[in-house]
Amino acid sequence: MDNLELLSDYATFLREKKQEGKRIIAFISHDNIPEELLDAAGFIPLRLIFAGNDDLMDASHDYLPPSTCAFAQSCIGFFSIKPRQYEFLDLIDYFIISNHCVSDICASEIISKYFNIPSLKFYISYTKNKNSLKYFKLELMELKKQLEIINGNKIKDEVFIQSIKNYNSFKKKLLDFSFLNIKGTEKLKIIQSAMLYGPLFLPKLESYIQKHKENQIQKLTDLKDILITGGSIFINDYLIDLIEEGGGNIVFFDSWIGNNYYSQIFEDNIIDSIGNPYDLLVHRFKNNKFGDHSVPNFLENKISQIEKIYQDHLKKTGRKLGIINHIIKFCDHISIMSSHFKNGLQEKGIQVLNLERDYSRAIRGQLTTRIEAFLEMI
Ligand code: SF4
Numbered sequence: 006m007d008n009l010e011l012l013s014d015y016a017t018f019l020r021e022k023k024q025e026g027k028r029i030i031a032f033i034s035h036d037n038i039p040e041e042l043l044d045a046a047g048f049i050p051l052r053l054i055f056a057g058n059d060d061l062m063d064a065s066h067d068y069l070p071p072s073t074c075a076f077a078q079s080c081i082g083f084f085s086i087k088p089r090q091y092e093f094l095d096l097i098d099y100f101i102i103s104n105h106c107v108s109d110i111c112a113s114e115i116i117s118k119y120f121n122i123p124s125l126k127f128y129i130s131y132t133k134n135k136n137s138l139k140y141f142k143l144e145l146m147e148l149k150k151q152l153e154i155i156n157g158n159k160i161k162d163e164v165f166i167q168s169i170k171n172y173n174s175f176k177k178k179l180l181d182f183s184f185l186n187i188k189g190t191e192k193l194k195i196i197q198s199a200m201l202y203g204p205l206f207l208p209k210l211e212s213y214i215q216k217h218k219e220n221q222i223q224k225l226t227d228l229k230d231i232l233i234t235g236g237s238i239f240i241n242d243y244l245i246d247l248i249e250e251g252g253g254n255i256v257f258f259d260s261w262i263g264n265n266y267y268s269q270i271f272e273d274n275i276i277d278s279i280g281n282p283y284d285l286l287v288h289r290f291k292n293n294k295f296g297d298h299s300v301p302n303f304l305e306n307k308i309s310q311i312e313k314i315y316q317d318h319l320k321k322t323g324r325k326l327g328i329i330n331h332i333i334k335f336c337d338h339i340s341i342m343s344s345h346f347k348n349g350l351q352e353k354g355i356q357v358l359n360l361e362r363d364y365s366r367a368i369r370g371q372l373t374t375r376i377e378a379f380l381e382m383i
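Using the working numbering, read the sequence shown as starting at 6 and increasing by one per residue.
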């Protein structure tokens, strides 16, 4: 899926924001980064959600061994070779170093150190108990302090709460959008754009929903319904094209670029009853049971979540869902449990394809064969 127009529009948007005096703060896109706090501090959060290729991966080998995950390799590659359509990465002022996984933290540190981007640290506990919740709050307060030092002024609680409300309304709308019955390529492109722009994308999202409500695909009998889980499909990744060319249609995106992002919303009464913005984000962290950041019982939670989505889909449409577990090569978070994940779901009669790949062009044919064989089987 080629997204040159999206990237060019985004580059223009970032340049305009810089001219207005805004600063850009980037991070490798996973879970639990408090973008509302960055927004409340007046920064433009920039998620690295761009897929790799051979050149990008190769360029990273000066810094990390090729056994680093293909996504983290590519993130380094972007800064090393700066492809023309990604020149906007030069506009980044700060980089957040966080520990979603080892590859994330290593790639973030390398990007900050070797490409001279000042860093801010935000570490997240791998466990979930009373102490880890306290730790999460301390990290939020620490990040707040770091942002205030850069800005030279305080982040007011009411501004932070307003930012949480803005993101919340935006995510609710994105969740509504995700249920539209449209082609997966089109849906993904809008989800990716929305996650780049954040709440500023809300009016566009509303008009897309309006437009597509009248324009939904009623009959997709010739396409197999797919839920994609595991690693995200990033901008400019050809994987979704292979799935559609093979006769599949992704109806559910279950990863960081997808449901795990926009399902983490607050009910309005929770925002009012908790009141304190830091406690609100702690509350969200506590309830984030389906993220892959070593949450206790991740495998069991994930299997039961997908089983529920599968059964709901079957009941609603009478159609089975095929599950593609997208494993970005050397991504331990997803690969380490993949056989248990597959067995767990297959015991419940749900078909799973563990699809491991990196971003090299050479494996395109091999991926096509595996996807087609799987779709045939559903
Ligand atoms: S190893 Fe997995 S979770 Fe970590 S950066 Fe790579 S894709 Fe993301």
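Idealized CB from N, CA, C, for every residue including glycine.
May I ask you to report which of helix, strand or coil DSSP gives residue i?
i	result
Phe175	helix
Asn156	helix
Ser103	strand
Ile110	helix
Ile97	coil
Glu361	strand
Taking only beta-carbon atoms, is residue i less than 8 Å away from chain C?
i	result
Ile33	In summary, chain C is missing from the structure at hand, where a single protein chain is found.
May I ask which residues mark the beginning and end of the beta strand (DSSP E) holding residue i?
i	result
Ile332	Leu326 to Ile333
Lys126	Ser124 to Phe127
Thr234	Lys229 to Gly235
Asp259	Gly253 to Asp259
Phe32	Arg28 to Ile33
Pro39	No beta strand (DSSP E) holds Pro39; DSSP gives it neither H nor E.
Pro50	Phe48 to Leu53
Grab me the residues of residue i's own chain with a C-beta within less than 6 Å of its C-beta, minus the 5 sequence neighbours each way, in chain order.
i	result
Tyr91	Phe83
Leu1	Missing from the structure shown is residue 1; the chain here goes from 6 to 383 and no further.
Asn58	Tyr364
Would you check if the distance between the CB atom of residue i and the CB atom of residue j is smaller than 8 Å?
i	j	result
Ile329	Ile311	no
Cys80	Leu51	no
Leu42	Leu143	no
Met342	Leu285	no
Ser85	Ile102	no
Asn171	Pro204	yes
Phe55	Asn274	no
Residue range of the alpha helix (DSSP H) that residue i falls in?
i	result
Ile248	Leu244 to Glu250
Ile355	Unbroken run through Ile355: none, as it is neither H nor E.
Leu319	Phe303 to Thr322
What does a CB cutoff of less than 8 Å around residue i pick up in its chain, not counting 5 residues either side in sequence?
i	result
Tyr213	Phe182 and Ile195
Gly236	Phe76, Ser260, His331, Ile332, Ile333, Cys336 and Ile339
Glu153	Ala46, Lys159 and Ile160
Ile368	Arg362
Taking 7 Å as the cut-off, is the beta-carbon of residue i closer than that to any non-hydrogen atom of the ligand SF4?
i	result
His331	no
Gly189	no
Ser108	yes
Phe76	yes
Cys336	yes
Ile368	no
His66	no
Gly236	yes
Ile270	no
Go through its chain and collect everything with a Cβ distance to residue i's Cβ below 7 Å, but skip five positions before and after it.
i	result
Ser299	Tyr131
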